[in-house]
Amino acid sequence: MSFAVIPGWPNNFQIGQEDKQLNALIKQVASQTEPFLVLPTYLPKWQSMRQQLGLVDIPYWSAFDALQKVSVQERRPMQLEDLTWPKDAQFVRMFDRIVVLSGTSIYGTVFFTYPKADQIDRIDLLKKGKLSQQLTVDDRGFISRVLDYEEGQLTKASYLSQSGAVVAAQDCLTGQVQAILPDGRKVSYPKISDLVQELTVAYLKAHHYQEGLIANSELNYQIAKQVGFNRLFLWSGQETASNLQDNWQSLSAEVELLVSQQSTTAEEEFDSSALIAPYPVQGKEVVQRKNQTVLYVKIGDLDFSKQSALIQQAVQLFSDDENRTVIFEGVNVPATFPALLEEAIEKQVMSAANEQLLAEAKAHFVLLGEQSEKSRLQYLLTSSLYVDLSQQPDLEAVAETVALALPTFTAVKTAYSLLDGFDSVEPEELAAKVSDLLTASGWQQAQEQLIQQQANLSSAVLDEQWRLRLKK
Numbered sequence: 081m082s083f084a085v086i087p088g089w090p091n092n093f094q095i096g097q098e099d100k101q102l103n104a105l106i107k108q109v110a111s112q113t114e115p116f117l118v119l120p121t122y123l124p125k126w127q128s129m130r131q132q133l134g135l136v137d138i139p140y141w142s143a144f145d146a147l148q149k150v151s152v153q154e155r156r157p158m159q160l161e162d163l164t165w166p167k168d169a170q171f172v173r174m175f176d177r178i179v180v181l182s183g184t185s186i187y188g189t190v191f192f193t194y195p196k197a198d199q200i201d202r203i204d205l206l207k208k209g210k211l212s213q214q215l216t217v218d219d220r221g222f223i224s225r226v227l228d229y230e231e232g233q234l235t236k237a238s239y240l241s242q243s244g245a246v247v248a249a250q251d252c253l254t255g256q257v258q259a260i261l262p263d264g265r266k267v268s269y270p271k272i273s274d275l276v277q278e279l280t281v282a283y284l285k286a287h288h289y290q291e292g293l294i295a296n297s298e299l300n301y302q303i304a305k306q307v308g309f310n311r312l313f314l315w316s317g318q319e320t321a322s323n324l325q326d327n328w329q330s331l332s333a334e335v336e337l338l339v340s341q342q343s344t345t346a347e348e349e350f351d352s353s354a355l356i357a358p359y360p361v362q363g364k365e366v367v368q369r370k371n372q373t374v375l376y377v378k379i380g381d382l383d384f385s386k387q388s389a390l391i392q393q394a395v396q397l398f399s400d401d402e403n404r405t406v407i408f409e410g411v412n413v414p415a416t417f418p419a420l421l422e423e424a425i426e427k428q429v430m431s432a433a434n435e436q437l438l439a440e441a442k443a444h445f446v447l448l449g450e451q452s453e454k455s456r457l458q459y460l461l462t463s464s465l466y467v468d469l470s471q472q473p474d475l476e477a478v479a480e481t482v483a484l485a486l487p488t489f490t491a492v493k494t495a496y497s498l499l500d501g502f503d504s505v506e507p508e509e510l511a512a513k514v515s516d517l518l519t520a521s522g523w524q525q526a527q528e529q530l531i532q533q534q535a536n537l538s539s540a541v542l543d544e545q546w547r548l549r550l551k552k
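Under the working numbering, the final residue of the sequence shown carries the number 552; numbering is consecutive throughout.
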């Protein structure tokens, strides 16, 4: 019997941190049973995402494919010549879009997918300079949805079959939906989620799924309640307990909550929850202690006040020992950190303005934008410590630090929190924590403990944990 996996991916989702974790989880499940993906949401770029996530070998069923009578499962990106354009159309190519001119006016804009711009994402059509229609392009080569606008307001959403017929039309002002079901019946629904819910529940019941893994979402709750699984694993990932519905424990006869991090507050932990590692630790050559201490700090989702506190702590670490360098990584770091850093240096290190001393001090702070896994690894190999005090730390990066036996500070507890006192860290106490670690034996002892425990997070161990979990 297949094991149903119902993600919580939003419509037309972009792959993010939570999606990567669930993807890693699915692959662990696949080592022990036969996962079957059930997709209740509208995902017009699913074939592309499927390839990007490495899920091509996992079979799936899609509620919208059933509704829209789509049989194609291969990626066939639509081309400009597949569409009909005005006879006098002129195409002005930019990196991520093509502006279509007709006469002296803009007829429409063809947008390409982000970030690769390797296929058409959507087409905006204009009337008198205002958005009139938006065509959503499925990556299998057809228009799958048409959004109608009046005076800039979305009024109607029409979902099309693979052949172009309207199979569901939603009044976006009232939410009301008129649909032609796969069996030919014409049915009205108060909202689109009710239609999707009915199709998904019917499919799961018809195929007698008894066990499953579902992501935490309102739609998935409603589906699970009606299906009546014998056993259910509820994945909430890095979400806080406040995002769980009060009745989550009644979704099935047996429910286990799976989380990838735990808050420091005891009331947000449950006896029936399991703290799991989504990413296995792949053994690598461990980092070596350097003469110069390099602290790698990932900013993540820290708010402005905590970012300021973190900068002050970093400057304090430098003022205590000028043989230290701090690397900051974050989306907005190159734009926002220079002024904050200069202010902190002038306040904490220099009693008077001195351009040369300021430049020398600033040279000990490296400001990076968001890094790829590969480029970040190059910096980690030269680092002595890693810090991610986000509310939701990047667990893929944290798993990498465990593989490198690189001591790491986080603000929350994760399955990768292998050292006592290295989680539940606040920005304001970072300098003291780091100074304590950098004693003669502190860093070496921490690394030795990490090396001893690396094997507990290997692929073999995580797969075995799933075997035991499914065997219960």
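Quick reminder that beta carbons are idealized off the backbone N, C-alpha and C, glycines included. The structure displayed is predicted, hence computed values, not measured ones.
Which residues does DSSP pair with P115 in a beta bridge? For this step, residue 115 is matched to residue 35 along the sequence shown. The partner list for P115 (beta bridge, DSSP) reads F83.
Is the separation between the beta-carbon of V505 and that of K493 shorter than 8 Å? As a first step, residue 505 must be located in the sequence shown, where it is residue number 425. As a first step, residue 493 must be located in the sequence shown, where it is residue number 413. No, these two residues do not count as a Cβ contact at 8 Å.
How long is the line joining the alpha carbons of E422 and I178, rounded to whole angstroms? To locate residue 422, count along the sequence shown from 1; it is residue 342. To locate residue 178, count along the sequence shown from 1; it is residue 98. Near 42 Å, if we compare the C-alpha coordinates of I178 and E422.
Contact defined as beta carbons within less than 8 Å: I believe Y289 pairs with F309. What is the distance between those atoms, to the nearest angstrom? As a first step, residue 289 is located in the sequence shown; it is residue number 209 there, counting from the start. As a first step, residue 309 is located in the sequence shown; it is residue number 229 there, counting from the start. Indeed, because the Cβ distance is near 7 Å, the residues count as touching under 8 Å.
Rounded straight-line distance, which links the Cα of Q306 to that of V281: Within the sequence shown, residue 281 is the residue found at index 201, counting from 1. Within the sequence shown, residue 306 is the residue found at index 226, counting from 1. Rounded to the nearest angstrom, the two C-alpha atoms are 7 Å apart.
Does the stretch 476-495 come close enough to the stretch 525-533 that 3 or more CB-CB pairs lie under 8 Å? yes
Range covered by the beta strand (DSSP E) that runs through R225: Numbered from its first residue, the sequence shown carries residue 225 at position 145. Element bounds for R225: 222-230.
How is T405 classed by DSSP in three states: helix, strand or coil? One-based indexing of the sequence shown puts residue 405 at position 325. T405 falls in the strand class under three-state DSSP.
Which of the three DSSP states, helix, strand or coil, is assigned to K552? As a position in the sequence shown, residue 552 is number 472, starting the count at 1. It is coil, neither helix nor strand.
Compare the Cα-Cα distances from K271 to each of R547, Q534, D263, L253 and report the closest residue. Stepping through the sequence shown from its first residue, residue 271 is reached at position 191. Ranking the options by Cα distance to K271, first place goes to L253.
8 Å CB neighbourhood of K149 in its chain, flanking five on each side removed: What you label residue 149 is simply residue 69 of the sequence shown in a count that begins at 1. Answer for K149: S241, Q242, S243, V247, P262, listed in chain order.
In three-state DSSP terms, what is F384? Taking the first residue of the sequence shown as 1, we reach residue 384 at position 304. If DSSP states are grouped into helix, strand and coil, F384 belongs with the helices.
Is the separation between the beta-carbon of Q428 and that of V395 shorter than 8 Å? Counted from its first residue, the sequence shown places residue 428 at position 348. Counted from its first residue, the sequence shown places residue 395 at position 315. Yes; because the gap between Cβ atoms is below 8 Å, this pair is in contact.
Express the C-alpha separation of K236 and Q258 in angstroms, rounding to a whole number. Walking along the sequence shown from the start, residue 258 turns up at place 178. Walking along the sequence shown from the start, residue 236 turns up at place 156. So the two alpha carbons sit approximately 11 Å from each other.
Find the nearest neighbour of E476 within the set A84, V361, S470, judged by alpha-carbon distance. Position 396 of the sequence shown, counted from the first residue, corresponds to residue 476. Nearest of A84, V361, S470 to E476, Cα basis: V361.
From the DSSP output, in three-state form, read off L416 for me. Working through the sequence shown from its first residue, we reach residue 416 at position 336. First, the amino acid is wrong: residue 416 is Thr here, not Leu. Helix.
Which value, in whole angstroms, describes the spacing of the CA atoms of D274 and L337? Your numbering for residue 274 matches position 194 in the sequence shown. Your numbering for residue 337 matches position 257 in the sequence shown. Their backbone Cα atoms lie some 26 Å apart in a straight line.
According to DSSP, simplified to helix, strand and coil, what is K378? Within the sequence shown, residue 378 is the residue found at index 298, counting from 1. In the structure shown, K378 sits in a strand (DSSP, three-state: E or B).
Which of the three DSSP states, helix, strand or coil, is assigned to I425? Within the sequence shown, residue 425 is the residue found at index 345, counting from 1. Helix.
Since G572 and D204 are thought to touch, with beta carbons under 8 Å apart, how far apart are those beta carbons, to the nearest angstrom? Because residue 572 is not part of the residues shown, which for the chain are 81 to 552, the question remains open.
Anyone know if the C-beta pair for Q277 and Q256 falls short of 8 Å? On the sequence shown, position 197 is the one that residue 277 refers to. On the sequence shown, position 176 is the one that residue 256 refers to. No, the Cβ-Cβ distance between Q277 and Q256 is not below 8 Å.
Within 8 Å, do at least three Cβ pairs link the stretch 434-453 to the stretch 410-418? yes
Buried versus exposed call for Q372 [16 or more other C-beta atoms within 10 Å across all chains shown]: Within the sequence shown, the letter at position 292 stands for residue 372. Exposed.
For V446, the residue or residues it bridges with in DSSP: Position 366 of the sequence shown, counted from the start, is the residue given in the question as residue 446. According to DSSP, V446 bridges with I407.
Count the other CB atoms within 10 Å of the CB of Q161; is the residue buried (16 or more) or exposed (fewer)? Within the sequence shown, the letter at position 81 stands for residue 161. Correcting the residue identity first, residue 161 is Glu in this sequence and not Gln. Counting Cβ neighbours within 10 Å, E161 comes out exposed, since fewer than 16 surround it.
With 16 other CB atoms within 10 Å as the buried threshold, where does T405 fall? Against the sequence shown, residue 405 aligns to sequence position 325. With 16 or more other Cβ atoms within 10 Å, it is buried.
Strand pairing of D468, partner residues [DSSP]: As a first step, residue 468 must be located in the sequence shown, where it is residue number 388. The partner list for D468 (beta bridge, DSSP) reads K378, T490.
Let me check understanding here. Comparing Cα to Cα, which of G264, R225, V478 lies closest to Q250? For the purposes of this step, residue 250 is taken as residue 170 along the sequence shown, with counting starting at 1. Per the Cα distances, R225.
T37 by DSSP, collapsed to three states: which one? One cannot answer for residue 37 here, as it falls past the ends of the chain, which runs 81 to 552.
Reference Q329, options R311, S340, I260, closest by Cα: The count along the sequence shown starts at 1 and reaches residue 329 at position 249. Checking every option, the nearest Cα to that of Q329 belongs to R311.
Buried/exposed call for P115, threshold 16 Cβ in 10 Å: Here the question's residue 115 lines up with position 35 in the sequence shown. Buried, by the Cβ-count rule.
Reduced DSSP category for S273 - H, G, I as helix; E, B as strand; rest coil: Taking the sequence shown and counting its residues from 1, the one referred to as residue 273 is at position 193. DSSP places S273 in helix when its eight states are reduced to three.
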